[in-house]
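UniProt numbering applies: residue 1 is where the sequence shown begins, and numbers increase by one.
Presented below is the structure to which this report refers.
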Amino acid sequence: MSWEQLLMRLDQEAELVSRRALFFHQAQGKLRRVLLEHRDCSLLPLIRSAVNEGYQEAVLSTLDQVASVAADPGVAARALACIADVLGCMAKGDGGLRSGPAANQEWAPAFQQLERGNIAEGVKELAKERREWLGRPALLVRAARHYEGAEQILIRQAVMSACRFISVGQEEPPPIGHWVLVECPARIDVSGGWSDTPPITYEHGGAVVDVAILVDGRRPIGARARRIAEPELRLVSASGMLEGEVVLELVCQDLEDLQDYCQPHAPGALLKAAFICTQIVTLASQKPLRTQLLECSGGGFEVHSWSSLPHGSGLGTSSILAGAVMAALYRAAGKSTNAESLIHAVLHLEQVLTTGGGWQDQVGGLVPGIKIGRSKAQLPLKVEVEQIPVLEGFPQTLNKHLLLIYTGKTRLARNMLQDVLRNWYARLPAIVQNADALVSNAEQCAQAFRQGNLPLLGECLTRYWQQKKCMAPGCEPLAVRRMMDALQPYVYGQSLAGAGGGGFLYILTKEPSQKDVIQQILAKTEGLGNFSIHTVEVDTAGFSLQLVGSNPKARGDTGSGGHNRSREGLQQGPGLCALPGNVQTAADSSQPPTLA
Ligand SMILES: Nc1ncnc2c1ncn2[C@@H]1O[C@H](COP(=O)(O)OP(=O)(O)O)[C@@H](O)[C@H]1O
Ligand SMILES: C[C@@H]1O[C@H](OP(=O)(O)O)[C@@H](O)[C@H](O)[C@@H]1O
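The structure is reproduced here in structure tokens:
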């Protein structure tokens with residue numbers, strides 16, 4: 001029989017249908033393997049073609065099944081992210097923005113199941129609800145958003161695994177009315193940022209080199225806490241002294257006053273979340289707040305927090321502040337802790353607060369000097385920090401070559417974070433390669449520090465900025481590009497701090513002591529924001545925790561000499577480097593305070 005005769009007898013349509021079915025049957029197997037075996041392989045092309053060929057239901061049910069049987073919430077979260085992509089593809093570019101609220105009450109029962117840790121039940125409820133949202137693009141996009149909301153719950157549970165590395169001991173609480181003062185440096189990230197961000201940090205593994213810094217000779221971030229006789233919580237926070245101070249004061253007398261702890265923009269949310277994470281207050285309790293406080297500490301607490309950095313600085317403020325507040329609260333409540341515990345406690349707090357950052361900010365500000373933090377591609381999420389040994393005199397050399405430039409532009413990282421997560425979950429090949437490159441650049445950067453090699457450090461920094469731009473396009477506003485172009489001939493390397501988008505630029509100058517030169521260059525450059533230049537010093541002492549008696553003026557005004565000051569070191573955690581400089585006990589209290 002000839003080929004033509006054969007073709008005439010063949011039901012080509014049926015043949016195509018069966019081949020398509022076979023292809024998508026294989027595809028379902030691939031989906032399962034990639035997700036359950038944690039492979040860094042993009043499923044987006046497969047999802048797109050399944051939707052184009054009308055096989056979305058088969059793909060959706062495979063993803064439901066993977067999410068239900070996954071051994072850990074991290075895998076289940078990735079499966080839900082894939083479902084969001086399927087729904088997004090089904091909307092075919094219509095239906096509005098993927099980013100937006102995910103608070104429709106119809107999805108609440110599913111969310112509640114997931115919150116309770118019943119992943120299989122939650123996934124079933126989600127799938128049931130999903131059927132009502134397939135009718136038109138606007139509904140599909142809203143359903144995709146709710147799947148991303150559900151994914152966030154599971155990421156939170158995955159990150160919460162870090163709580164097992166928080167250890168808290170007992171110690172004598174300071175007397176009622178006596179302040180515990182904590183002051184912290186800011187941080188600059190010199191390489192590896194984004195690899196610390198969940199889920200990347202526990203799916204890929206992360207490494208970040210951070211430097212603890214004084215800005216214009218001061219530790220810009222701090223908190224103080226004390227017990228008070230009244231069984232209530234008094235919260236005071238001040239921020240933004242570079243731009244004018246904003247002070248917020250509020251008093252919580254009932255558990256209800258703390259309910260907005262998970263809304264990052266609600267007044268005092270960070271301080272409220274700190275009371276919950278240190279377990280001084282339990283929200284899900286029958287006992288009223290005053291009873292809890294009386295039983296726990298014989299009265300209430302007053303806590304003040306401050307940052308002299310402008311909002312959206314990129315210098316790690318909110319995470320470092322969270323660490324400072326929790327350190328002060330723990331100590332005021334008669335509990336001892338250590339830097340390793342605080343690093344993990346901040347991860348917990350940021351999940352509770354729903355800001356969901358990575359770990360590099362608190363590693364940068366809570367561990368002194370120059371160090372590399374690492375996390376493995378596994379759960380439970382554990383951060384290990386290694387101090388990078390540098391040549392004698394190198395920190396002083398670095399101080400002369402580093403400058404901070406406030407770009408005059410506030411940045412908001414939230415959208416950036418969402419895009420980074422979406423691209424990572426889609427395992428876009430460029431993003432996966434970039435994650436590998438971030439980690440290897442961090443190891444090379446650590447090596448440059450060990451050698452004291454400034455040009456090599458500059459190369460790492462330049463590469464890092466390219467990598468950040470790949471991870472979060474849009475992190476380089478035009479005014480910042482102009483600024484960086486103007487500075488290019490004078491620097492070994494430069495980068496915006498943290499996620500970028502505005503905030504502070506830090507530069508490693510070729511020549512030492514270049515503040516005036518840089519000022520003149522920028523003054524001549526057109527189209528810049530309202531910039532200002534600040535000195536940087538490596539903070540080799542790290543954050544300090546002091547008992548400062550009852551002097552209310554002891555608020556972080558470095559060198560102001562509060563009465564009865566005594567400096568304490570945090571106990572050292574097993575996996576952590578030494579914390580030189582901040583180990584000073586009550587016996588040293590006769591020494592004049594040497595802060596900042
Ligand atoms: N004094 C303060 N008390 C409590 N929270 C503060 C204070 N100052 C700043 N914050 C919190 O820190 C956040 C600023 O952090 P962010 O802009 O993310 O800093 P960075 O860009 O340095 O990481 C604010 O949104 C606010 O929640
Ligand atoms: C590059 C990014 O920096 C962030 O810091 P922010 O600027 O958002 O404070 C970290 O919190 C993220 O995890 C990521 O590493």
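From the three backbone atoms N, C-alpha and C, an ideal C-beta is built for every residue, glycine too.
These numbers were taken from a predicted model, which means no experiment stands behind them.
Determine the DSSP secondary structure at residue i, reduced to helix, strand or coil.
| i | result |
| --- | --- |
| Arg19 | helix |
| Ala523 | helix |
| Val168 | coil |
| Gln467 | helix |
| Ser308 | coil |
| Leu528 | coil |
| Val190 | strand |
| residue 598 | There is simply no residue 598 to check, as the chain begins at 1 and stops at 596 in what is shown. |
| Lys382 | coil |
| Cys475 | coil |
| Glu256 | helix |
| Lys376 | coil |
| Asn415 | helix |
| Lys122 | The identity of residue 122 in the sequence shown is Gly, whereas the question assumes Lys. The answer is helix: DSSP assigns Gly122 an H, G or I state. |
| Ala27 | helix |
| Asn52 | helix |
| Asn423 | helix |
| residue 624 | With the chain covering only 1 through 596, there is no way to say anything about residue 624. |
| Ile176 | coil |
| Thr291 | helix |
| Ser68 | helix |
| Thr354 | coil |
| Ser285 | coil |
Sorted by chain position, which residues of the same chain lie with C-beta nearer than 6 Å to residue i's C-beta, five sequence neighbours on each side aside?
| i | result |
| --- | --- |
| Leu154 | Pro73, Ala76, Ala77 |
| Gly95 | Pro137, Ala138, Leu140, Val141 |
| Gly149 | Ala102 |
| Glu125 | Pro109, Ala110, Gln113 |
| Ala273 | Tyr261, Leu349, Val352, Leu353 |
Residues in the same chain with beta-carbon distance under 7 Å from residue i, minus the five sequence neighbours each way, listed in chain order, please.
| i | result |
| --- | --- |
| Gln56 | Ala50, Val86, Met90 |
| Ala127 | Asp64 |
| Gln418 | Ser99 |
| Leu44 | Asp85, Ala426 |
Can you check DSSP and say which residues form a bridge with residue i?
| i | result |
| --- | --- |
| Thr535 | Leu403 |
| Thr509 | Val491 |
| Met371 | Strictly speaking, residue 371 in this sequence is Lys, with Met absent from that position. In the DSSP output, where bridge partners are listed per residue, Lys371 has Asp210, Gln387. |
| Phe301 | Arg227, Leu233 |
| Lys335 | Gln170 |
| Glu249 | Val236 |
| residue 598 | Residue coverage of the chain in this structure runs from 1 to 596, which leaves residue 598 outside it and unanswerable. |
| Phe504 | Tyr406 |
| Leu496 | Leu505 |
Tell me which residues share the same chain as residue i and place their Cβ nearer than 8 Å to its Cβ, disregarding the 5 neighbours each side in the sequence.
| i | result |
| --- | --- |
| Asn104 | Arg142, His146 |
| His38 | Val75, Glu203, Ala377 |
Over what stretch of residues does the alpha helix (DSSP H) that includes residue i continue unbroken?
| i | result |
| --- | --- |
| Ala322 | 317-332 |
| Asp361 | 360-366 |
| Gly74 | 73-90 |
| Tyr202 | 200-203 |
| Met1 | Element bounds for Met1: n/a, residue is neither H nor E. |
| residue 601 | No answer is possible for residue 601: the residues shown for the chain start at 1 and end at 596. |
| Gln451 | 429-451 |
| Pro137 | 137-160 |
| Ala110 | 108-115 |
In terms of residue numbering, what span does the beta strand (DSSP E) encompassing residue i cover?
| i | result |
| --- | --- |
| Cys184 | 180-184 |
| Ser544 | 544-547 |
Any heavy atom of ligand 3 closer than 7 Å to the beta-carbon of residue i?
| i | result |
| --- | --- |
| Asp196 | Absent from the structure shown: ligand 3. Ligands present: ligand 1 and ligand 2. |
query: Is it true that the stretch 293-306 meets the stretch 226-246, where meeting means three or more beta-carbon pairs spaced less than 8 Å apart?
result: Three or more beta-carbon pairs separated by less than 8 Å link the stretch 293-306 to the stretch 226-246, which places the two stretches in contact.
message: Three Cβ pairs or more, each shorter than 8 Å: is that satisfied between the stretch 94-102 and the stretch 433-447?
response: No, the stretch 94-102 does not touch the stretch 433-447.
query: Just checking, does the stretch 476-487 make contact with the stretch 402-410 on the three C-beta pairs under 8 Å criterion?
result: Yes: at least three Cβ pairs fall under 8 Å.
query: Touching or not, the stretch 158-167 and the stretch 322-342, by the rule of three or more beta carbon pairs under 8 Å?
result: Touching, yes, given that three or more Cβ pairs across the two stretches are closer than 8 Å.
- prompt: Is it a yes or a no for the stretch 199-215 touching the stretch 287-301, going by three-plus beta-carbon pairs under 8 Å?
  reply: These segments do not touch.
message: Three Cβ pairs or more, each shorter than 8 Å: is that satisfied between the stretch 367-382 and the stretch 489-502?
response: The stretch 367-382 makes no contact with the stretch 489-502; the number of CB pairs closer than 8 Å stays below 3.
message: So, does the stretch 219-233 touch the stretch 181-188, judging by three or more C-beta pairs under 8 Å?
response: Result yes; three or more Cβ-Cβ pairs closer than 8 Å.
- request: Please confirm if the stretch 482-489 is in contact with the stretch 526-542, defined as three or more CB-CB distances below 8 Å between the two stretches.
  value: The stretch 482-489 makes contact with the stretch 526-542, as at least three CB pairs between them are under 8 Å.
message: Taking contact to mean 3 or more Cβ pairs, one atom from each stretch, closer than 8 Å, check whether the stretch 387-402 and the stretch 535-547 are in contact.
response: With the cut-off at 8 Å, the stretch 387-402 and the stretch 535-547 touch.
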